[in-house]
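Working notes, beginning with the structure itself.
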Amino acid sequence: MIDFGLTERFDSFLTRQIEGGRFKNASEVVRAALHLLERQEREEEAKLEALRRDAKTGANAYERGDYTPIADDLALDTFFGDVAEEADKR
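full-length UniProt numbering applies: residue 1 is where the sequence shown begins, and numbers increase by one.
And the structure:
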């Protein structure tokens, strides 16, 4: 069994959850919090994996020369304007 302390703020929150009838005891509150933390960790890891995959896709495209060179601010504005138009069509 793990023993831990809570700040006054979290202790009050935990007490309100029990008194409000949502949970029967402190263990239920902690289990619910841990489930949420576990889900958040999985979601963050999935996002990181997607970013890694997309970065690799971009790096591979760059190595193949499959990219649009942008020489100045006007070209950059035009490029993003075109991207925005395509996004609006979807």
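Glycine included, each C-beta is placed from N, C-alpha and C at the ideal position.
Bear in mind the structure is a predicted one, so any value in this text is a computation, not a measurement.
Coil, strand or helix - residue i by DSSP
{"i": "Asp66", "result": "coil"}
{"i": "Asp3", "result": "coil"}
{"i": "Arg16", "result": "helix"}
{"i": "Arg90", "result": "coil"}
CB of residue i within 8 Å of CB of residue j, strictly
{"i": "Ala26", "j": "Leu37", "result": "no"}
{"i": "Val29", "j": "Gln17", "result": "yes"}
{"i": "Ala61", "j": "Tyr67", "result": "yes"}
{"i": "Phe23", "j": "Ala32", "result": "yes"}
Option in the options with minimal Cα separation from residue i
{"i": "Ala71", "options": "Phe79, Arg64 and Gly65", "result": "Phe79"}
If you scan the stretch 19–84 from start to end, which runs of the alpha helix (DSSP H) of 4 or more residues do you find wholly inside it? Runs of the alpha helix (DSSP H) inside the stretch 19–84: 26–64.
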